[in-house]
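So the protein sequences, as listed, match chains A and B. Residue numbers for the first sequence, in my numbering: 599 to 722. Residue numbers for the second sequence, in my numbering: 9 to 248. Even glycine gets a Cβ: it sits at the ideal position worked out from N, Cα and C. Worksheet: the structure to be examined is printed underneath.
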Amino acid sequence: MRILVVDDFSTMRRIVKNLLRDLGFTNTVEADDGKTALPILEAGGIDFLVTDWNMPGMTGIELLKAVRANPDLVSLPVLMVTAEAKREQIIMAAQAGVNGYVIKPFTAATLKEKIEKIFERVDG
Amino acid sequence: MTNEISLTLARELVIALEQGNELEADALLDKIAVQKESQLFKEVGRLTRQLHNSMAGFSLDSKIASMTENDIPDAKERLHYVISMTEQAANQTLNAVENLMPVSQSLNEQANELSDKWDRFLDREMPFAEFKNMSKEISQHFNESKESLLQVQNGLNEILLAQGFQDITGQIIKKVIDLVQDLELSMVELIRISGNPNLTIAKKEEPELPGPVVPGVDDKAGDVAKDQDDVDDLLSSLGF
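Encoded structure:
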């Protein structure tokens, strides 16, 4: 399982990476916005995408839309981890095809629960 | 109205003079002069008030000017410093945690392994040669534990010290809050002096990505999720 973590703040990437490692996911890759993330995804080999929303260059929602528009990535599980909490934004992300939505600040338990739920659904 | 009164007074004055009534003429002249003076005083009063307001406005102007010139750039510097301090603290903490994780993981593995062996020994399932090996491993584990726990102790101290940013950044942010408050008062005063009662307040433009919700500020309209449960409820109502 190879996971791509996308956030413009390096500290947030480190926190997510450490929590993922604690959950047994040791194979992670990082990108600091959608623009750098997309070529990594297109190159293949990523099984799960964790992305922030508000990033310079290319935002998380744009990245999500680009992922869903690509036939190779259309079913890639995507978890959004973001401070954006407006109802209309959450609905927009759901409509764009997000698999899970975690608002910052979050706990290790929340992240674990959402990831497990995503894989339950993907596997099931 | 004043002209009419003046005209009446002038006519009366002419009549008094023609009649040679000096007493009456003097009284009328006084009356006219008083009227003129009171008008003059009124005008001076109005000008004085205007001058006072302009002076107040001027000192306010210079106060706001000095704020824009000095205090606001200072405040920006201060807030940038807050960002760099919090970032530094986060990195210091993350470094300590990332250094300690493998230490604690390896201690955990060793302890598990040894406790399995110990159980086998207690169940009398261990040959003597293996027991001798285990004794060596146990003393090795104790030595490593002592070293590792010292490392953990040091790391915890680093994490502890990294929290010092909270005090410093708290003080800096308080200063910036004071400035914002000062600026707000000056602006309110300026609007009062300029005294435009028909001033309409422009509607605040909504940013595309509003970012973190500050309780009591961004959640007033009730259109934001308060917590993760709120998000989950919304998503499940959408059939997630």
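Neighbourhood of residue i by C-beta distance below 6 Å, restricted to the same chain and skipping five residues each side
i	result
Glu-628(A)	Val-603 and Arg-611
Ser-202(B)	none
Ile-209(B)	none
Asp-645(A)	Met-599 and Arg-600
Met-134(B)	Arg-128
CB contact below 9 Å: residue i versus chain C
i	result
Ile-613(A)	Given the protein chain composition of this structure (A and B), no chain C is represented.
Per-residue burial, residue i [other beta carbons within 10 Å of its own, 16 or more giving buried]
i	result
Asp-237(B)	exposed
Glu-682(A)	buried
Leu-59(B)	exposed
Met-89(B)	Here residue 89(B) is Tyr; the residue named in the question, Met, does not match the sequence. So Tyr-89(B) counts as exposed.
Asp-235(B)	exposed
Met-653(A)	buried
Ala-635(A)	buried
Arg-19(B)	exposed
Thr-101(B)	buried
Gly-163(B)	buried
Leu-647(A)	buried
Lys-712(A)	buried
Asp-657(A)	For the sequence presented, residue 657(A) should be read as Thr rather than Asp. Buried, because 16 or more other Cβ atoms sit within 10 Å of the Cβ of Thr-657(A).
Gln-207(B)	In the sequence under discussion, the amino acid at residue 207(B) is Leu, which differs from the Gln named in the question. Its Cβ having fewer than 16 others within 10 Å, Leu-207(B) is exposed.
Ile-613(A)	buried
Leu-709(A)	buried
Asp-79(B)	buried
Contact under 9 Å by Cβ, residue i with residue j
i	j	result
Trp-651(A)	Leu-217(B)	yes
Ile-167(B)	Val-221(B)	no
Ala-97(B)	Gly-172(B)	yes
Gly-622(A)	Leu-662(A)	no
Gln-43(B)	Ile-13(B)	yes
Asn-99(B)	Thr-609(A)	yes
Glu-138(B)	Lys-125(B)	yes
Ala-233(B)	Lys-684(A)	yes
Met-75(B)	Asp-190(B)	yes
Val-111(B)	Gln-159(B)	yes
Glu-640(A)	Asp-670(A)	yes
Leu-108(B)	Glu-152(B)	no
Asp-231(B)	Glu-686(A)	yes
Ser-194(B)	Leu-68(B)	yes
Proximity to residue i [Cα-Cα], best of the options
i	options	result
Leu-677(A)	Ile-701(A), Asp-670(A), Lys-684(A) and Asp-620(A)	Ile-701(A)
Ile-181(B)	Glu-85(B), Ile-23(B), Ala-24(B) and Leu-157(B)	Glu-85(B)
Ser-244(B)	Ile-688(A), Thr-626(A) and Met-656(A)	Ile-688(A)
Ser-156(B)	Lys-144(B), Glu-192(B) and Gln-113(B)	Gln-113(B)
Gly-698(A)	Thr-609(A), Thr-626(A) and Ile-659(A)	Ile-659(A)
Ala-707(A)	Leu-618(A), Asp-605(A) and Thr-634(A)	Leu-618(A)
Thr-680(A)	Leu-246(B), Val-239(B), Gly-247(B) and Phe-248(B)	Val-239(B)
Ile-72(B)	Val-196(B), Asn-107(B) and Glu-117(B)	Val-196(B)
Ala-170(B)	Thr-76(B), Gly-65(B), Glu-95(B) and Ile-13(B)	Glu-95(B)
Asn-668(A)	Asn-625(A), Thr-657(A), Pro-637(A) and Asp-631(A)	Pro-637(A)
Ala-83(B)	Ala-229(B), Leu-187(B), Arg-200(B) and Glu-214(B)	Leu-187(B)
Glu-214(B)	Asn-206(B), Pro-223(B) and Ala-229(B)	Ala-229(B)
Leu-246(B)	Glu-718(A), Ala-692(A) and Lys-712(A)	Ala-692(A)
Gln-174(B)	Leu-115(B), Met-63(B), Phe-66(B) and Ile-91(B)	Ile-91(B)
Pro-703(A)	Phe-248(B), Gly-219(B), Asp-241(B) and Asp-231(B)	Gly-219(B)
Ser-62(B)	Leu-198(B), Phe-136(B) and Asn-151(B)	Leu-198(B)
Ala-119(B)	Lys-144(B), Phe-150(B), Glu-133(B) and Gln-27(B)	Phe-150(B)
Ile-594(A)	Lys-633(A), Thr-624(A), Pro-675(A) and Met-690(A)	Given that chain A is displayed from residue 599 to residue 722, the structure contains no residue 594(A) and the question cannot be resolved.
Asn-165(B)	Pro-223(B), Lys-140(B) and Asn-103(B)	Asn-103(B)
Contact set for residue i: own chain, Cβ-Cβ below 8 Å, skip 5 residues either direction
i	result
Leu-21(B)	Ala-33, Leu-36, Leu-37 and Ile-40
Ile-176(B)	Met-93
Gly-643(A)	Arg-600
Pro-81(B)	none
Lys-633(A)	Gly-655 and Met-656
Ser-70(B)	none
Identified DSSP bridge partners for residue i
i	result
Gly-698(A)	Leu-677(A)
Thr-649(A)	Val-604(A) and Met-678(A)
Glu-628(A)	Val-603(A)
Lys-684(A)	Val-232(B)
Neighbourhood of residue i by C-beta distance below 7 Å, restricted to the same chain and skipping five residues each side
i	result
Lys-672(A)	Contrary to the premise, residue 672(A) reads as Val rather than Lys in this sequence. Arg-666, listed in sequence order.
Asp-606(A)	Asp-630, Asp-631, Asp-650, Met-653 and Pro-654
Thr-25(B)	Note that residue 25(B) is Leu in the sequence shown here, rather than Thr. Correct list, in chain order: Ala-33.
Thr-626(A)	Ile-601, Val-603, Lys-615 and Leu-618
Met-9(B)	Below a pLDDT of 50, predicted positions are generally treated as unreliable, and Met-9(B), at 45, falls in that range; the measurement from the model is reported next regardless. Cβ neighbours of Met-9(B) beyond the five flanking positions: none.
Leu-15(B)	none
Leu-17(B)	Leu-36, Lys-39 and Ile-40
Leu-87(B)	Val-184
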